[in-house]
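Numbering follows numbering that gives the first Met the number 0, in which position 110 of the first sequence is assigned residue number 109; successive positions increment by one, without gaps.
Beta carbons are placed, not taken as given, at the ideal position from N, Cα and C, and that holds for glycine.
A short worksheet on the structure shown next.
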Amino acid sequence: MDNKQQIADVLSQALGDNILSNIDILNKIEVPKTSDLGDLAFPTFMLAKVMRKAPQQIATDLVEKIDKNNFEKVVAMGPYVNFFLNKEKVGAQILTDILTQQANYGTNNDGENGNVTIDMSSPNIAKPMSMGHLRSTVIGNALANIFSKNGYNPIKINHLGDWGTQFGKLMVAYKLWGSEEEVKKDPINTLVKYYIRFHEEAKENLALDDEGRAWFKKLEDGDQEATKLWKWFRDESLKEFLTIYDELEINFDSFNGEAFYNDKMDQVVKMLTEKGLLVESQGAQIVNLEKYNLPVAMIKRTDGATLYMTRDLAAAMYRKNEYNFVKNLYVVGGEQREHFQQMKAIFKEASYDWADDIEHIPFGLITVNGKKLSTRSGRIILLQDVLDDAIRLAREQIETKNPDLANKENVAKQVGIGAVVFHDLKNERVNSFDFALEEVVRFEGDTGPYVQYSHARAQSILRKAGNPDLTTTNLVISDASAWDTIKILGDFPNIVRRALRDREPSVIAKYALNLSRAYNKYYANSRILAEDNELLARLGLVKAVAIVLTESLRMLGVHAPNEM
RNA sequence: GUCAGGCUAGCUCAGUUGGAUAGAGCAACGGUCUUCUAAACCGUAGGUCAUGAGUUCGAAUCUCAUGCUUGACACCA
C-alpha cells in the first residue's frame, strides 16, 4: 500500500536526521484497532530513549512538523501519531482500480510464471472418498488458485493411492469371500466391505497379513491375475471419484498415482546406492537419517517390495524432470509430517539443490466424536452423503426464502457445496475439527452462504439499477459510512500475497467474511438506490464489492450465484 | 520415552512483523421487514488469553519450565 510509504516519507522528513531510516519507519506503521483511531498509525515509544522525551511529547511534536496536505487529518493521540486518509480521494482511487481491473484486481506477477506442482486429493483406490479427502482436495485446489493469482503456474497432481500392500490384502479378501457379481453392483462399497472383513479376520488369523503381502509382491512382479484384478478395482473406483470431482468442479493436470512410478523405482535405488546412502539393516534397505534427527527411512522391505517412501522419492524426481518446478507442494495431513521431513532430508543428503523447494502443506484431521476416521474400522463419513445433505438443506432453504427463484436446483448445489467447502477452508489449515453435520451445512453467520448472500444482494441492487456502465463514473463517495468497506476492498492485493506467503486459504475466507460484514452493515444503514448525485458512485462501490467477493470465492473454489 | 502440534468467552475460532479498551460467529436475552433479498442488521451479557518465571518502555504474541491434550515414531499409506 503506498499510503504507508507516503506516511513513512512525511515522517522521515519531519524527523529530520538519521534517527530512524525510512524503511524502519515504514515497518513500524500499523493499522489501529478501530477506525476512530485513524487509518494508519505510528507509535513513538522507540524514539523516547534516543530523543530523551516522553512518547506523548514526541507524537505531539511530530504532528506539528508533519506535512498534512495529503491527509484528512493527522493527530497525536497519546504516544501515537494517527493518520486519517483522505477518504474521498483514496476511496475513489480504490474503486476505480477495481472497476477497471475487474477480476484481475489483486493479481500480481510475483511468481513469474514458475511451475508449482501440487500433490493433492490423492484418494485410495477401492475406498470411498471421505471428509478427510475433501480437505486435501479443497485446500490444494484453493492453493492452486492462490498461486495462480500470484503469477505462478500451478500443476494439480492427483497422486492416486493405487498401489501398495492394501491391494494384496484386498485380493486375498476378494478371492476368499468375494464375487464378481457383487462387486459390479456397487463397486466401492463392496470392496470396502471385503477390506473391513479382512482386517477383522486378520486379528484372529495372522497368516492373512502374510498372504496379503505375498499377493502384493505378485502384483509388483507383474503376475497376470493380480494385475487384472488391480486394474478392475482401479477403473471402478476412478469412475466414482470423477463424479465427485465434477460436482466440486475441481480438475487435475495429472492422475499419475503410485502405480505410475513402478518402473521408476530402480532409478531411486540406483541413485541412493551411487550416493552411498543406501544401507542394509535387518534384511531391509534403508537410509540413515540420524544426522537430521529423524528415524531411518525404509526404501525396500525384506522381501524386496518397495514402500510409500520409495514411490514418493521417484515421484519427486519425476516431477522435477517433467515440470522443473520452483516449488513442489504436498497437501497431506499433518500426521505425515515426519515422512516429508525424511523425504526432504534424503534429497538434501543426496545433494539435490531443489530439496529446499519441497514443501509439506499439512492440515488437521477430521474426527468423529474425537476419534480418528478409519476405513478399516468402518468409522467413516462419506463425502457424497455430506454433499447430498448440504444440497438438500440448501434446496429447502430456497423453498422457504425465495420460492420464485429460477434455477433452484443449480443454486441449491452452489450454496450447499459452497457451505461445505467454505467451512473446510475458513479456519487455519492445521486445526483439527470434530465433524458435526449441522456445523458443516450451516447457512448463517460466518459461512460460505453468508458471503454468497452478501454478493447476491449486491447483484440484486445492480440489477435494479439497470446495470449501468460505471467505467467513466466519478467514484467519489462523501458518505463516511462507506469507508470501512472501501478500506477493506483496498486491502485485497495484500491479502492475496499473505494467503500465498502463509499457504493459507483461510486468509482469503476470513477476508471474504470481513468484507461481507462491512458491506452488510453499510447496506443495512444506507439507502444505496437513493436518487442523488452520488448514486452512481455508490453503485460503483456495490459493483466493486461484488467483483472482489466473487474473486475471493472463486479462489476458494466456491460459486457466487447472482440470486439465491 | 523421543519428536512435533494445540491450549484465548458456555461452544467453534480470529488476533501479519511484540503496541492503544483482547475480537468474530454460534448458543442466550432484547430490538429491526408498507422502503435495495431478515441466509441480514442493531443492542445486552459473557475473559485470570492453561499455569509459573523471564526478556522489554510494553507480551495472547518472544524465551524457559510445568500441566493437560492430539499426533508421529522402519517392513501400512
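In summary, residue 102 is exposed, with fewer than 16 beta-carbon neighbours lying within 10 Å of its beta-carbon over all protein chains present.
Where residue 359 is concerned, the enclosing beta strand (DSSP E) starts and stops at 357-360. In this structure, residue 317 keeps its C-beta atom at 7 Å or more from the C-beta atom of residue 359. Between residue 543 and residue 94, the C-beta spacing is below 7 Å. With 16 or more other Cβ atoms inside 10 Å of its own Cβ, residue 474 counts as buried. Closest in alpha carbon position to residue 75, among 66, 62, 432, 85, is 62. Sequence-distant Cβ neighbours of residue 433 in its own chain, meaning closer than 8 Å and more than five residues away, are 365, 366, 367, 368, 369.
Beta-bridge partners assigned by DSSP to residue 29: 40. Every alpha helix (DSSP H) stretch that sits fully inside the segment 431-484 and reaches 4 residues is listed by chain position as 436-439, 447-463. Residue 299 sits in a strand when the DSSP states are folded into three classes. For residue 76, the three-state secondary structure derived from DSSP is strand. Contact between the segment 236-243 and the segment 114-125 is present, with at least three C-beta pairs closer than 8 Å. Within the same chain, and ignoring the five residues on either side of residue 160 in sequence, the residues whose Cβ sits closer than 7 Å to its Cβ are 121, 122, 123, 124, 256, 257. For residue 277, the uninterrupted beta strand (DSSP E) segment begins and ends at 277-280.
Spanning the alpha carbons of residue 184 and residue 389 requires a straight line of approximately 26 Å. If the five residues before and after residue 81 are omitted, its C-beta is found closer than 6 Å to the C-beta atoms of 36, 37, 40, 74, all from its own chain and listed in chain order. Beta-bridge annotation (DSSP): residue 118 is paired with 156, 329.
Inclusion of residue 560 and residue 385 in the CB contact set at 7 Å is not warranted, their separation being larger than that value. In the pairwise beta carbon analysis, the segment 438-449 is classified as not touching the segment 473-487: fewer than three pairs are separated by under 8 Å. If you ignore the 5 residues before and after residue 240, its C-beta comes within less than 7 Å of the C-beta of 122, 128, all in its own chain and listed in chain order. The residue from 9, 50, 214, 54 with its alpha-carbon nearest to that of residue 18 is 50. Note on geometry: alpha-carbon atoms of residue 553 and residue 72 lie some 38 Å from one another.
When C-alpha distances from residue 259 are compared across 173, 158, 68, the shortest belongs to 158. In the three-state reduction of the DSSP assignment, residue 371 falls in the strand class. At the C-beta level, residue 141 and residue 512 stay beyond 7 Å of one another. About 16 Å separates the CB atoms of residue 98 and residue 465; that is not less than 8 Å, and the two are not in contact. Counting the other CB atoms within 10 Å of its CB gives residue 135 a total of 16 or more, which places it among the buried residues. Contact annotation: residue 144 and residue 110 have beta-carbon atoms that are not nearer than 7 Å. The closest CA to that of residue 486, considering only 33, 12, 23, 11, is found on 33. In this structure, 247 is the residue among 247, 188, 517 with its C-alpha nearest to the C-alpha of residue 387. The alpha-carbon separation between residue 170 and residue 373 amounts to approximately 20 Å. For residue 284, the uninterrupted beta strand (DSSP E) run begins and ends at 283-286, by DSSP. Counting only runs that start and end inside the segment 161-234, the alpha helix (DSSP H) elements of at least 4 residues fall at 164-176, 179-184, 186-203, 206-219.
If you draw a 10 Å sphere on the C-beta of residue 371, you find fewer than 16 other C-beta atoms in it, and that means exposed. The alpha-carbon separation between residue 180 and residue 419 amounts to approximately 35 Å. Annotated as distal: residue 335 and residue 296, with beta-carbon spacing of 7 Å or more.
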